[in-house]
Structures are given as structure tokens and as C-alpha cells.
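Student:
Residue numbers (my numbering), protein chains in the order written: chain C, 522 to 791; chain E, 522 to 791.
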């Protein structure tokens, strides 16, 4: 998906909500376990209930891999359903892959070609030649980890180097020199709003994928204060807060209300 | 697998060879495409031909994901075959995963429980809480990326911080403070032998998984000079050089000869 199409959706829906599909068999309503494909059935109902309030969906690949072949079938069914029924929705494979060039090309093939996601999250540790195979898909977006929402982000990402840059700043600056870097977006955790100002100095216009609102404790107002750009420039993700708002037959309705509440809060910022 | 069992195998076989199963449908012999499961059939023949010269096998997960559900079936068949037929072999999922705790737990479940690998490669960027869910499996090994074999390794991994540590040194030092850190091994590329000395100062006894011998240009003698410990402490990987030594019906025999040549060179060091 081209960026103008995403920006148009944000304006139409007055939303920059991304719904994270971290679908956990142990947490979905019991009655769905009688279905032949409970994970997909859960996702389908969540998507139908929340798509009018969201501009993006983000399956978290670990949750599907944990189910083996059945999980890959559910992932394939989910992305096919999104692409067929909601072609205006931006789709993100939250995979955090990163490997040498010939291997990165295989991951790109898996998620961009076979599964036809619009975007994938990737890890920067292995540098330029581990990311450029993704960036070579100029109709897709590559979302680089910069400053993550977890506590362990402070182990390495905020380390100051001899040029006085934190590692996350160095990742941002270096990534801008890579081929097709205009296809980059960046992951920045909502739990670290005080860092958005320095990040926006380096990438004033890039889209940021922001996890950590809700269960992880991040706050939408803080994120918007420094994160917003003239084209919005934010995709704020909520997973558990929406998916598991209720665990009976009303789960989709409860998810819809949570998504609606987030969209209404977002409408006041865009 | 417990470490003493791996060390015993290294002594019995006089080998620290890891065969990388980066199995690419486009590169395997044409006649195998007539088989119902060509990737597994290729792997099975490679494993049978090379197992007597190798102590470890390392499927590169990207190559299986690129084939979708069929790829996951081939991966499952391959690890099951290894576990059933060669229980003395150390198995590594080369997955380079890394995500927040609840997601990392799902990846650990996928590779340690469902597929029953002995080890997985992981990326350090997200820090302690992204790695400890793997380390909590105290009968398994978690292999952390430290200094990789590719050119992009110089983008971030060798950046010097204000404590005068390169990032890869900081990753090594910090990782030693994590819970169950004795379960850690480390990825260090064979293409960077001049760094082994500084790495061995920080982790004098840990096992290092060393890719990059062969197609990527690394040299076994250089790696052994500083990398070897009293218990060997090295697993040196070769993928393309063994797998694609020939591309006709003689491919397994050609692979066997390549593995044998590497084992014979290794025998002079252990």
C-alpha cells in the first residue's frame, strides 16, 4: 500500500489505530474452541467489529508460530481475509526479523510475497545488508525497531556512544542513508514519550508504529504531543486491551467498544 | 541437550561442525522436485550423509517460512527426523527472534516445546526481558547474536560507547548478568577472527556458534587460534558449501566429502 492511501484512511476514519492480533488460544472465549479454526474465527470477528475504527491490523507472528502448522494456516486465513474484505486496511506482520542478506530475502518473500502483508517489523542489530532486502520492495514498508516499549530497551538502545548519540538515535540516523529508506517506518514504544522529541528531530515526517498503549502502560496524549506530524505520522497499536475486553460471546462487541473509545480519543488529535 | 553430552560428541567425532540447513528449493537437485516433500527429502539425505562428521544441525528458519505451510511441514519433518534418528546431534533453530516477554515466550514455545530444538538463535536489541523467556528453559540453549558475519555488523555492533566498549562487548558483558546466563551461547562470525581475542576475554568458556566459514569467506585456522577452549567451545557452521557441493543425484555424496574434509581439518585442532 502506498503511503497516501494510508494517510487518506487516517483522515476518513479520524483514527490512527492499529489493532494488534496477538491471538492466544488460552485467552479466547471457550466456545470458539469448538470451531475448526478457532484463531481465525476469533480474528475474523475482531476484524469485522473493529475495522471501522482502525486503519491497520498487526498479527504478532509469534502467536501463530507457537501453534505450528495450524497457526500458519490461521495466519494465512487472517491476512487473506484482511486483503479480500478490507483492502483499505494497512497490514503489518509483527515479526521482528533480521538476518544476513540471502536469509533476509527469504523472510521478505515469506511476508511480502506469499502472505502479501503491506509491512513487516525488523530488528536493526545486523545493519544495512540485513534490512535492504526488505526495502527493495518499494511498494511495501519496512518498520525498524528503534526504541521499544519494554524495560529491556534500556539495556542497549539508550547506550550513549562516543559521538554522543544513543544507540536508538544512531539507528535512526544510519537508516536514513540506506537504499529506499523512504520506505522505512520506525517502532517507538508509547511507554517512552519523553524520547519522541529527540526522535522527531531525526525523522520529522516518518511514520512511527507505537506499541505499548494500554496493557503496557503508555498514554495516548503523551505520544501525540511530540509524535504527531502534518500527515499524522503515527500508528498507535493496542492488542490485549481490545482483544480480551471480554471473554464470553460478547467479546467482539466489547472489542468494538474499546476500539471506538480509542478512535474517539484519536479524533481529537487528527 | 546438556552441554557435557555435546562436548562428549565433539571428542568422539573429533569435530565441531554444524551443518546449516539453508535449504532452498531453487538450488536443490531438479529430480527431487518430483518427491511429495522435496525439502525434507533433500535434508534427510544431507543429514544421513553428513551426520557422522557433524555434531550439530542448524535449519535456517527463513528458508522454511518462505515456503509457507509446506515449509513448516518440512521443518517439522526435519527436526523430528533428527530427534528420532540422531538423538546425539545438537539441533539449532536459526531464527534470530527477539520481542517483548509475552511474545518471546511464544517463540520459545514454538521452537523449544513444539519443535523440540535444543537451541535457538536470538537477537539482543530488545534486552534482558526479551531473552530471559528463552533462558528459563534450563535444558535448552539460547544463542545470542554478538558479532555477525555480514558487512552490516559494522553499522552498530562495533560502535564504541562512552565506557569504551563496542556494542558487541556490551552485549556480552550485560548478558552475563541475566538469569540462567549459563545457558547462553553466542554467535560470532568467522569473517571477523581479529575480534575473537576480545570476545574470549569476556566469555572465556562459553560456546560460540561461528557462521561464515566457506561461502562468506571465513577461515577455520584463524577462528581456532583465539576461539578454542579446553572443551572446544566452538560450533563452526557451514551451509552452502556443503549443501550445494553438487546439484545432481550425487549431491549427498558430494556433501559428505565436504563435511569430511572440514571434520578432518577440525580433528587437527581438537
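Idealized CB from N, CA, C, for every residue including glycine.
Confirm, please, whether the CB-CB distance from residue 673(E) to residue 619(C) is below 7 Å.
Tutor: no
Student: Tell me the rounded alpha-carbon separation between residue 567(E) and residue 751(C).
Tutor: In this structure, the alpha-carbon of residue 567(E) lies about 56 Å from that of residue 751(C).
Student: Between the stretch 659-686 of chain C and chain E, which residues of the former have CB atoms less than 9 Å from a CB of the latter, in chain order?
Tutor: Within the stretch 659-686 of chain C, the qualifying residues are 666, 669, 670, 671, 672, 673, 674, 675, 676, 677, 678, 680, 681, 682, 683, 684, 685 and 686.
Student: Grab me the residues of residue 617(E)'s own chain with a C-beta within less than 6 Å of its C-beta, minus the 5 sequence neighbours each way, in chain order.
Tutor: 642 and 644
Student: How would you list, in chain order, the residues of chain C whose beta-carbon sits under 9 Å from the beta-carbon of residue 559(E)?
Tutor: Those do not exist, as residue 559(E) stays about 16 Å from chain C at its closest Cβ, beyond 9 Å.
Student: CB-CB under 7 Å to residue 603(C), same chain, minus the five flanking residues each way: which ones, in chain order?
Tutor: 568, 578, 610 and 612
Student: Report the residue ranges of all alpha helix (DSSP H) runs contained in full by the stretch 734-775 of chain E; include only those spanning at least 4 residues, in chain order.
Tutor: 741-748 and 761-764
Student: Does the beta-carbon of residue 628(C) have 16 or more other beta-carbons within 10 angstroms, so that it is buried, or is it exposed?
Tutor: buried
Student: Within 7 Å (strictly less), CB to CB, does residue 630(C) reach chain E?
Tutor: yes
Student: Under a three-way DSSP split, which group does residue 637(C) fall into?
Tutor: Residue state, collapsed to three classes: coil.
Student: Going along the stretch 704-717 of chain E in order, which residues come within less than 8 Å of chain C, judged by CB to CB distance?
Tutor: none
Student: Since residue 557(C) and residue 546(C) are thought to touch, with beta carbons under 8 Å apart, how far apart are those beta carbons, to the nearest angstrom?
Tutor: No, residue 557(C) and residue 546(C) are not in contact; Cβ-Cβ is about 14 Å, not under 8 Å.
Student: Going by beta carbon distance, what residues of the same chain come within less than 8 Å of residue 694(E), once the five residues before and after it are set aside?
Tutor: 686 and 723
Student: At a CB-CB cut-off below 7 Å, which residues of chain C make contact with residue 691(E)?
Tutor: Chain C residues near residue 691(E): 677 and 680.
Student: Residues in its own chain within less than 8 Å of residue 663(E) by CB, not counting five upstream and five downstream?
Tutor: 640, 641, 643, 652, 655, 656, 704, 705 and 706
Student: Let's test the definition: count the other Cβ atoms within 10 Å of the Cβ of residue 762(E) and tell me whether it reaches 16, buried, or not, exposed.
Tutor: Taking all protein chains shown into account, residue 762(E) has 16 or more neighbouring C-beta atoms within 10 Å of its C-beta and is therefore buried.
Student: List the residues that DSSP assigns as beta-bridge partners of residue 541(E).
Tutor: 579(E)
Student: Mind checking residue 765(E): buried by the 16 CB within 10 Å criterion, or exposed?
Tutor: Residue 765(E) is buried by the Cβ-count criterion.
Student: Do residue 531(C) and residue 671(E) have their CB atoms nearer than 7 Å?
Tutor: Not closer than 7 Å, so no.
Student: Taking beta-carbon pairs under 7 Å, can you tell me which members of the stretch 566-594 of chain E lie near chain C?
Tutor: Going along the stretch 566-594 of chain E in chain order, one finds 581, 583, 584, 586, 587, 589, 590, 593 and 594 with a Cβ nearer than 7 Å to chain C.
Student: I'd like the list of long-range same chain contacts for residue 537(E), defined as Cβ closer than 7 Å, with 5 residues on each side in sequence excluded.
Tutor: 531, 576, 753, 755, 756, 757, 787 and 791
Student: In chain order, what residues of the same chain lie with their CB nearer than 6 Å to the CB of residue 658(C), ignoring the 5 residues before and after it?
Tutor: 633
Student: Looking at the structure shown, is residue 617(C) part of a helix, part of a strand, or coil, going by DSSP?
Tutor: Correct three-state label for residue 617(C): strand.
Student: Taking buried to mean at least 16 other C-beta atoms within 10 Å of its own C-beta, is residue 777(C) buried or exposed?
Tutor: buried
Student: From the DSSP output, in three-state form, read off residue 707(C) for me.
Tutor: strand
Student: Verify whether the separation of the beta carbon atoms of residue 570(E) and residue 782(E) is less than 7 Å.
Tutor: no
Student: Looking at residue 784(E) and residue 574(E), is the spacing between their C-beta atoms short of 7 Å?
Tutor: yes
Student: For the putative contact between residue 718(C) and residue 747(C), defined by C-beta atoms under 8 Å, what is the C-beta separation to the nearest angstrom?
Tutor: 5 Å
Student: Which class does residue 681(E) belong to by DSSP, given the choice of helix, strand or coil?
Tutor: strand
Student: So, with DSSP's three-state summary, where would you put residue 611(E)?
Tutor: strand
Student: Examine chain C for any beta-carbon lying closer than 7 Å to the beta-carbon of residue 617(E), and answer yes or no.
Tutor: yes
Student: I'd like to know whether the C-beta atoms of residue 735(C) and residue 759(C) end up nearer to each other than 7 Å.
Tutor: Their beta carbons are under 7 Å apart, which means residue 735(C) touches residue 759(C) by this criterion.
Student: Whole angstroms are fine: how far does the CA of residue 581(E) sit from the CA of residue 588(E)?
Tutor: 12 Å
Student: Between residue 646(C) and residue 666(E), is the Cβ-Cβ spacing less than 7 Å?
Tutor: yes
Student: With 7 Å as the C-beta to C-beta threshold (strictly closer), list the residues of the stretch 624-653 of chain C near chain E in chain order.
Tutor: 624, 627, 628, 630, 631, 635, 644, 645, 646, 647, 648, 649, 650 and 651
Student: In chain E, what lies closer than 8 Å to residue 754(C) by C-beta?
Tutor: Ordered by position in chain E, no residue passes the 8 Å Cβ test against residue 754(C), which lies about 23 Å from the chain.
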